[in-house]
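S.K.: Questions regarding the structure given below will be posed in turn.
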Amino acid sequence: MSFLANLLGYVLNYIYNFVQNYGWAIIIFSILLKLIILPFTIKQQKTMKKTAKIQEQMKSLQVKYKNDPEKLNRETIDLYKREKVSPFSGCLSGILQLLIFLSVFYLVSRPLTYMKKIDSGIIENYKTELTENGETSSYPEIKIIETKSSEDENVNINMNFLGLNLSKVPMQNLNDFKVYIIPVLYIITTFINIKISMALTQNKKDKNVEKKVSKDGEETTEEQLESMQQMSNSMNYMMPIMSIAIALIAPLGLSLYWFVSNLLQLLERVIINTIFNKKEENA
């Protein structure tokens, strides 16, 4: 993570030197990253569209062979082969996004190390001084920027963004209502993204169908199929819930990055999905 955070730090610092504002630098940085991973995103969404088409077939297989895992695996593999869909085709995009997710956290929590490239000895001296003065923090480099920027131009980063101090941590400033603005916006856009993602990976259900019958005559209720889907959906919430928890204990700069990324993700999903639908209609 340190290696990638260091590379991303060069990019963020270059943008910051141009705009001279940490908030605007993060926004431009977010847009640039989205453009870089756009080809992977398009490929992932194509896979999601294909997967949605075979979802009902998958449900039938899961019910029919629920007591025979080995047979279920074989039939599932055959289904993916017939439909020319790889169950692992979306993994690369997911892994890439996870790496960026962690690297940006490293970068935002330690901007003097990864963005400004300040000598580690200087940073350690400042940390020691803070400790001796009784000023402790979960993010010492952020604290150094807050307390030493007026004395040392090298550690000065303009974190004032539209009246918000991006160095603040929500859980450490509970009485300041402003610190909740960006995390709340991030949370809202996160769950909108989840809903859209789930909608893209599921076929619309026929409300008039109350039960399905497998080939061997076993009757399966819609309720059983729904429970299987709910297990899958619960996995979609794990990463966002974890990131929300982190957003409350991390500097606001990280929440701003995630919020902007969410907005961009919403936009790109709507655009890409519209293009795919038009192609399907024309076909």
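With this note's numbering as the guide, the letters of the sequence shown map in order to residues 608 to 890.
Note that CB positions come from ideal geometry on N, CA and C, so glycine has one too.
1. Looking at the strands, I want to know which residues DSSP matches up with L771.
2. With DSSP run on the structure shown, which of helix, strand or coil describes A612?
3. For T754, report the span of its alpha helix (DSSP H) as first-last.
4. Pair every Cβ in the segment 790–797 with every Cβ in the segment 866–873, then say whether three or more of these pairs are closer than 8 Å.
5. Identify which residue in N613, M608 and W631 has its Cα closest to the Cα of Y864.
6. Can you give me the start and stop residues for the alpha helix (DSSP H) that Y629 sits inside?
7. So, using beta-carbon positions, are I573 and T648 closer together than 9 Å?
8. Using CA atoms only, rank isn't needed, just tell me which of R681, I633 and L645 is closest to F768.
9. Below 8 Å on the Cβ atoms is my contact criterion, and I expect G860 with M766 to pass it. Report the Cβ-Cβ distance as a whole number of Å.
10. Alpha carbon to alpha carbon, how far is Q651 from I702?
11. For V791, which option in N800, L855 and L737 has the closest C-alpha, if you only look at C-alpha atoms?
12. Should A857 go down as buried or exposed, given a rule of 16 or more other Cβ atoms within 10 Å for buried?
M.R.: For this structure:
1. Looking at the DSSP output, L771 sits in a beta bridge with F768.
2. Looking at A612 - three-state DSSP - the assignment turns out to be helix.
3. P747 to K755 is the span of the alpha helix (DSSP H), which, as asked, contains T754.
4. With contact defined as three or more Cβ pairs closer than 8 Å, the segment 790–797 and the segment 866–873 are in contact.
5. The residue from N613, M608 and W631 with its alpha-carbon nearest to that of Y864 is W631.
6. Its alpha helix (DSSP H) spans residues Y629 to I643.
7. Coverage of the chain is limited to positions 608 through 890, which leaves residue 573 absent and any answer about it impossible.
8. Checking every option, the nearest Cα to that of F768 belongs to I633.
9. With 8 Å as the limit, G860 and M766 qualify as a contact, their Cβ atoms being about 7 Å apart.
10. Straight-line Cα distance between these residues: approximately 12 Å.
11. Of N800, L855 and L737, the residue nearest in Cα terms is L855.
12. For A857, the number of other beta carbons within 10 angstroms of its own is at least 16, and it is reported as buried.
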